[in-house]
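Notes for the one structure printed next.
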Amino acid sequence: MQASDHSLEIAPGCLWFRDALDRAAQEQLVADIRAVIAQAPLFTPRMPRTGKPFSVRMTNCGPLGWVSDETGYRYQSFHPDTRRPWPDMPASLLALWAAHAAGAPPPEACLVNVYDAGARMGLHQDRDEDDLTAPVLSVSLGDTAVFRIGGAARTDPTRSARLSSGDVLRLGGASRLAFHGVDRVIAGSSSLLDGGGRINLTLRRVTVSA
DNA sequence: TAGTAACA
DNA sequence: CCAT
């Protein structure tokens with residue numbers, strides 16, 4: 000991993016570490032995530048109540064994983080289709096947390112979001128964690144995302160930022176409950192992933208530590 | 001309300 | 001017509 004001293008605060012409490020990961024570190028993460036997907040296949044989450052599918056596919060690693068279906072959003076310890084426990088969190092991700100979320104209790108969930116061509120993510124808050132004091136770390140791999148972030152209210156003004164492969168974003172403090180999403184992914188903007196697309200990793204602490 | 005469409 |  001390559002330490003990035005330079006960070007930009009794009010919203011209060013939201014730190015953008017550009018080029019935090021060099022190419023080798025990105026390739027290591029991709030290899031680790033491929034291994035996770037081999038154990039815990041990508042699934043298509045659905046909206047609570049309506050059952051409308053997301054355009055991104057997901058999986059998780061770590062003791063807990065985020066899932067969504069007609070029942071609602073939740074964290075659970077097993078894959079929704081295979082019913083098997085989520086794979087262990089790779090050392091590369093634990094190192095990333097140590098480097099960019101120092102002082103926070105260990106991460107319990109890494110949500111893997113796979114954006115194929117045309118996939119988007121509507122504006123939302125990460126608020127299903129019991130521990131809302133720990134930051135959320137977001138890692139961008141592959142094609143550039145046109146990311147949007149606002150404030151804690153849905154109607155707050157938003158700004159956009161292009162998140163490139165290797166960027167790390169930390170949502171903490173006042174931005175921990177900021178609405179955010181991905182307007183679109185710029186096809187062909189990265190050579191990291193065979194076949195293109197984008198992988199986003201979000202590392203979260205879920206339970207309140209003693 | 002992590003979805004979309006419709007509308008002012 | 002486009003953006004919100």
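Just so you know, we're using numbering that gives the first Met the number 0 here: the first sequence kicks off at 0 and counts up by one. Glycine included, C-beta positions come from ideal geometry on N, C-alpha and C.
### Query
If you pair each beta-carbon of the region 146-162 with each one of the region 27-43, do three or more pairs fall below 8 Å?
no
### Task
Throw me the rounded Cβ distance for the Ser-137 and Val-167 pair, which I believe falls under 8 Å.
7 Å
### Query
Should the region 156-176 be called in touch with the region 13-26, which here means at least 3 C-beta pairs below 8 Å?
yes
### Task
Mark Ala-11 as exposed unless 16 or more other C-beta atoms lie within 10 angstroms of its C-beta, in which case mark it buried.
According to the sequence shown, residue 11 is Pro rather than Ala. Label assigned to Pro-11: exposed.
### Task
Would you mind sorting Ala-2 into buried or exposed? The rule is 16 or more other CB atoms within 10 Å of its CB.
Interpretation of Ala-2 is limited by its pLDDT of 47, a score under 50 that renders its predicted location unreliable; no figure is taken from the coordinates.
### Query
Which first and last residues belong to the alpha helix (DSSP H) in which Ser-67 is found?
Unbroken run through Ser-67 is the beta strand (DSSP E), 64-68; no alpha helix (DSSP H).
### Task
Report the rounded CA-to-CA distance for Val-111 versus Asn-199, giving the unit in angstroms.
6 Å
### Query
Can you name the start and end residues of the alpha helix (DSSP H) that Arg-22 belongs to?
22-38
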